[in-house]
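So the sequence lines, in the order shown, correspond to chains A and B. Numbered according to the numbering used here, the first sequence spans residues 1 to 298. Numbered according to the numbering used here, the second sequence spans residues 1001 to 1388. Every residue, glycine too, gets a C-beta built ideally from N, C-alpha and C. Just so we're clear, the structure is a prediction, and the values are computed from it rather than from any experiment. Please read the structure below before turning to the comments.
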Amino acid sequence: MNRDISARLEVIRTLVTENLAREMVPFPVNRKLCSSWTHDLPRGGETILYTSYMYQLAAVFKTYEKLIPRLTSFSNISRIASLGKYLIRPSKEDLERSSLILNNIVQMLKRHGLSFGYLYDEEPYSGALLLELGLLDEFREYGQKLEQFFAARRIKKLITVDPHTANALVRLKKMSILHTEVMSYLEFIKQVNGSGEYVLHDSCLYSRHLGKREAIRNVIANSGIVLKEDPLVTASETALCCGGPLGPVDVELSDSVSAIRSRQLSRLGVPVLVACPLCYSNLSAHLTRVYDIMEVMR
Amino acid sequence: MRPSQREVWDTAVERAIFNNVPKIKSIIKDYPYLEVLAESVREAKLRVLDNLDWYIDSTMKAVERSRGVAHLAKTVSEAQNIALDIIGERKRIVFAKTNVAYEVHLREFLQSHGKEVWETDLGEYLIQLSNEPPSHVVFPALHMTKEAVGQMLHDKLDASVTATSSYEEMVAAVRKFLMEKYMSAEVGVTGANSVAADTGSVALLENEGNIRIDTVLPGTHIAITGVDKIVPTVKDAMNELLVQSAYGGLFPPSYINITSGPSSTADIELKRVSPATGPGEFHLILVDNGRTRANADPVLRQALLCIKCGRCYFSCPVYRALGSSWGNPPYGGPMGAMWTAIVDDDTSVANLCAHSAGCREVCPVKIDIPAVLEYIKYLDSKRRSVRK
């Protein structure tokens, strides 16, 4: 394979593992800004709503992906590590959108009788990126740190809001590293309202790794939304990826995959629904009518 | 890919998916026993992998019992030299589609030794003529649109064929050319869709009819295949043919061929003698080239269950975007990212897997392809650490 890709992967390994070791986030981020979407939730508790910064930072992750080719030396990586949180920030629009989605999730969970807290700017990242790049030793090592973090705060249950975090935590549990209970917010939502016709772009992780394909469809169908299906576009055997996981490895390939998937979806002639912030970030680069399910259901 | 290549590729792959994906679904629905057969093929192949050395030895002995000659090639160069020794001074060779011959670069090797070699599978012939890598393990010329095929045949084979000729006219032009090659061929080289350890029989699947000619008209038939193609019995070998045919979208197959040694007859006093009408020599070259090493690894060995139906390609977003430039031909797509690690010891290719897992949904022998590719990514990360 292209030596550039190997070099990129090594830059990411260095940048991400150093940041995780130091701050428990993969890239330098302004944690206060990213946790400012709520002020009403109790800090901490046995049950935690766990965002892993995915909704807040999906667009920022893409900025870092584009920066990686310039980080060819360790001095550049160190400079990014010290300055990144000031220079690379989520846009006002992205923060407002993620705030709306996360607050909608909170309202729905509360309406279903759940009480839970939030870790605010203490919240750590899940380590999903390490897993998805095959950095399994680093993932296990970081997972142990994560387990200690949750155990020290007596956290018993984590409610995830995105598929990458859910998948990473489920894998840590399968590796017998994480002992905290892990649930997705989707498991709690029974009665929601929505309308209109959409096509659902499945998250590969929810649909084919975590077995939630039908559960998500049921939540959406129960809301009143009609989903348009096509055997060559939305079946479990044929639905393609949004290209997101390829971003850190090869930006151009990631964009090609997003473009192919966007073309397929747009042929169905209805707006697209997603249940993952990375899917949104990738598909919205090619499509104008893309919405998170938590933007169209109340 | 250049923009013009991208446009042709997108058109070609979309047409192929439109024709193939619904077809496979309807085959599986109409012939429900095929899913049961697929499960039995998986179990049969697992039995072989659990005792691979014994099955290789049994297969070779069975080939000898049926008056064939069995060879075991550990490496690419051993496979090349064994084939060259068998061919000797003979010059005119016809190839049926064989991925393992491609894997060991056999056509180019024989050509470099002065042999005239022609591919007789239509797709493989188009690849030979265009001098391009195959874009699919079953349908090697998938990246060519009908228009591109017509133009190439016009330029390189028959000026009467054009980009607007019918499919039938294109096929007829190639058939006419290849007929001359069949008639003068001295050696026929095929792969094997499966090999039976109990009888030493080689099972071959086809629709074109070229394999039948390649295996009976020349005086010598060489079958070259990987040790992963061994199954315990001839019944398992037949099952694997049916499963490959179905999950490749070509069920029922037009022809299946079972070859057990050279041609023979017992029509005079029931005394069996060889040759009869077909070849007087039959050779099986079993190629290792990384397979036994992979079998020793509990995760990688899953890849050896692959029956090379190629169904996983069409569920893969990376294959859709990159075509033949992902993997080392003839192995591409998700299965190719696994097989490139096995036969070329190249773990870096797996880094482009998006772990979308459509491949796992469609694999007839239930290989957890994303898990294997995650593991290969991990192996690659360890290698990069060592290189640093």
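Residue i classed as buried or exposed, judged by whether at least 16 other C-beta atoms fall within 10 angstroms
i: Leu1270(B); result: exposed
i: Met1(A); result: For Met1(A), the predicted model reports a pLDDT of 49, less than 50, meaning its position is unreliable and no value from the coordinates is stated.
i: Gly113(A); result: exposed
i: Ile1431(B); result: Look at the range of chain B in this structure, 1001 to 1388, and you will see that residue 1431(B) is not part of it.
i: Cys1353(B); result: buried
i: Phe1435(B); result: Chain B is shown from 1001 up to 1388; residue 1435(B) falls before or after that span and cannot be answered.
i: Glu132(A); result: buried
i: Thr1145(B); result: buried
i: Trp1054(B); result: exposed
i: Glu1043(B); result: exposed
i: Met1179(B); result: exposed
i: Gly244(A); result: buried
i: Arg382(A); result: The structure shown has nothing for residue 382(A), since chain A only spans 1 to 298.
i: Gln144(A); result: exposed
i: His39(A); result: exposed
i: Glu123(A); result: buried
i: Ser1004(B); result: exposed
i: Pro1370(B); result: buried
Residue range of the alpha helix (DSSP H) that includes residue i
i: Ser1112(B); result: Leu1106 to Ser1112
i: Met183(A); result: Careful: Met183(A) lies outside any alpha helix (DSSP H), inside the beta strand (DSSP E) at Glu181 to Ser184.
i: Leu1322(B); result: Pro1317 to Leu1322
i: Ala1079(B); result: Val1076 to Ile1087
i: Thr1059(B); result: Leu1052 to Arg1065
i: Leu109(A); result: Lys92 to Arg111
8 angstroms Cβ cutoff met for residue i and residue j
i: Leu1217(B); j: Gly1188(B); result: yes
i: Ala285(A); j: Ser258(A); result: yes
i: Gly1358(B); j: His1136(B); result: no
i: Ser1165(B); j: Gly1150(B); result: yes
i: Met971(B); j: Leu1046(B); result: Not covered by the structure: residue 971(B). The range shown for chain B is 1001 to 1388.
i: Leu1250(B); j: Asn1207(B); result: yes
i: Arg1272(B); j: Ser1263(B); result: no
i: Leu178(A); j: Glu138(A); result: no
i: Gly1200(B); j: Ser1260(B); result: yes
i: Tyr55(A); j: Leu102(A); result: yes
i: Ala1141(B); j: Leu1153(B); result: no
i: Phe27(A); j: Leu15(A); result: yes
i: Ala1337(B); j: Ala1321(B); result: no
i: Gly1332(B); j: Val1287(B); result: no
i: Cys276(A); j: Ser203(A); result: yes
i: Gly1191(B); j: Asn1099(B); result: yes
i: Leu49(A); j: Leu57(A); result: no
For residue i, the first and last residue of its enclosing beta strand (DSSP E)
i: Ala1141(B); result: That residue, Ala1141(B), is in no beta strand (DSSP E); it is neither H nor E in DSSP.
i: His1283(B); result: Glu1281 to Val1287
i: Val1189(B); result: Val1187 to Thr1190
i: Ala1196(B); result: Ser1194 to Ala1196
i: His1221(B); result: Thr1220 to Gly1226
i: His1071(B); result: Val1069 to Ala1073
i: Tyr1255(B); result: Tyr1255 to Thr1259
| Between the region 1346-1366 of chain B and chain A, which residues of the former have a C-beta closer than 8 angstroms to a C-beta of the latter? | Of all residues in the region 1346-1366 of chain B, the ones placed with a Cβ closer than 8 angstroms to any Cβ belonging to chain A are Asp1346, Ser1348, Val1349, Ala1350, Asn1351, Leu1352, Ala1354, His1355, Ser1356, Ala1357, Gly1358, Arg1360, Glu1361 and Val1362, in chain order.
| field | Sufficient close CB pairs (3 or more, under 8 angstroms) joining the region 193-202 of chain A to the region 157-172 of chain A | value | No, because fewer than three Cβ pairs between the region 193-202 of chain A and the region 157-172 of chain A fall closer than 8 angstroms, the two stretches do not touch.
| What are the residues of the region 210-244 of chain A that lie near chain B, defined by any Cβ-Cβ distance shorter than 9 angstroms? | So the close ones are Pro231, Leu232, Ala235, Ser236, Glu237, Thr238, Ala239, Leu240, Cys241, Cys242, Gly243 and Gly244.
| task | Report the residues of the region 1216-1238 of chain B with a CB closer than 8 angstroms to any CB of chain A, ordered along the chain. | result | Answer set for the region 1216-1238 of chain B: empty.
| said: Can you pull out the residues from the region 134-152 of chain A whose beta carbon lies closer than 9 angstroms to at least one beta carbon of chain C? | reply: Absent from the structure: chain C. Protein chains present are A and B.
| task | Give the residues from the region 1318-1347 of chain B that approach chain A closer than 8 angstroms (Cβ to any Cβ), ordered along the chain. | result | Here the close residues are Val1318, Arg1320, Ala1321, Leu1322 and Asp1346.
| field | Interfacial residues, the region 102-130 of chain A to chain B, with Cβ spacing under 9 angstroms | value | Under the 9 angstroms Cβ criterion, the region 102-130 of chain A contributes no residue.
| message | Closer than 8 angstroms is the cut-off here; do at least three beta carbon pairs connect the region 1227-1237 of chain B with the region 1049-1058 of chain B? | response | Judged by Cβ distances under 8 angstroms, the region 1227-1237 of chain B makes contact with the region 1049-1058 of chain B, as three or more pairs qualify.
| query | Name the residues in the region 255-270 of chain A whose C-beta lies less than 8 angstroms from a C-beta of chain B; which are they? | reply | Taking 8 angstroms as the Cβ-Cβ cut-off against chain B, the residues of the region 255-270 of chain A that qualify are Ser256, Val257, Ile260 and Arg261.
| Members of the region 1097-1125 of chain B near chain A, C-beta cut-off 8 angstroms | For the region 1097-1125 of chain B, which is checked against every Cβ of chain A, not one residue is closer than 8 angstroms.
| request: Residues of the region 1282-1307 of chain B with a CB closer than 9 angstroms to any CB of chain A: list them in chain order, please. | output: Here the close residues number zero.
| field | Proximal residues, the region 161-180 of chain A versus chain B, C-beta separation under 7 angstroms | value | Of all residues in the region 161-180 of chain A, none has a C-beta nearer than 7 angstroms to a C-beta of chain B.
| If contact means a Cβ-Cβ distance below 8 angstroms, which residues of the region 1011-1031 of chain B contact chain A? | Listed in sequence order: Ile1017, Phe1018, Val1021, Pro1022 and Lys1025.
| query | How do the region 265-273 of chain A and the region 1275-1293 of chain B stand: do at least 3 beta-carbon pairs fall below 8 angstroms, yes or no? | reply | Verdict: no, contact absent.
| request: Determine, using beta-carbon pairs with one atom in the region 56-67 of chain A and one in the region 176-192 of chain A, whether at least three such pairs fall under 8 angstroms. | output: They do not touch, by the three-pair rule.
| message | Any contact between the region 223-240 of chain A and the region 1310-1321 of chain B? By contact I mean 3 or more CB pairs, one from each, below 8 angstroms. | response | Cβ pair count under 8 angstroms is three or more, so yes.
| task | Give the residues from the region 6-34 of chain A that approach chain B closer than 8 angstroms (Cβ to any Cβ), ordered along the chain. | result | Here the close residues are Ser6, Leu9, Glu10 and Arg13.
| field | Meets three-Cβ-pair contact criterion under 8 angstroms: the region 1282-1297 of chain B and the region 204-222 of chain A | value | Verdict: no, contact absent.
| said: Output needed in chain order: residues of the region 277-292 of chain A with a Cβ under 7 angstroms from some Cβ in chain B. | reply: Listed in sequence order: no entries.
| field | Cβ contact (3+ pairs, closer than 8 angstroms) linking the region 1323-1331 of chain B and the region 1026-1044 of chain B | value | The region 1323-1331 of chain B, when compared against the region 1026-1044 of chain B, does not touch it at the 8 angstroms Cβ threshold.
| said: Contact between the region 1106-1120 of chain B and the region 1330-1349 of chain B is defined here as three or more beta-carbon pairs at a separation below 8 angstroms; is this criterion met? | reply: Because the criterion of three Cβ pairs below 8 angstroms is not met, the region 1106-1120 of chain B and the region 1330-1349 of chain B do not touch.
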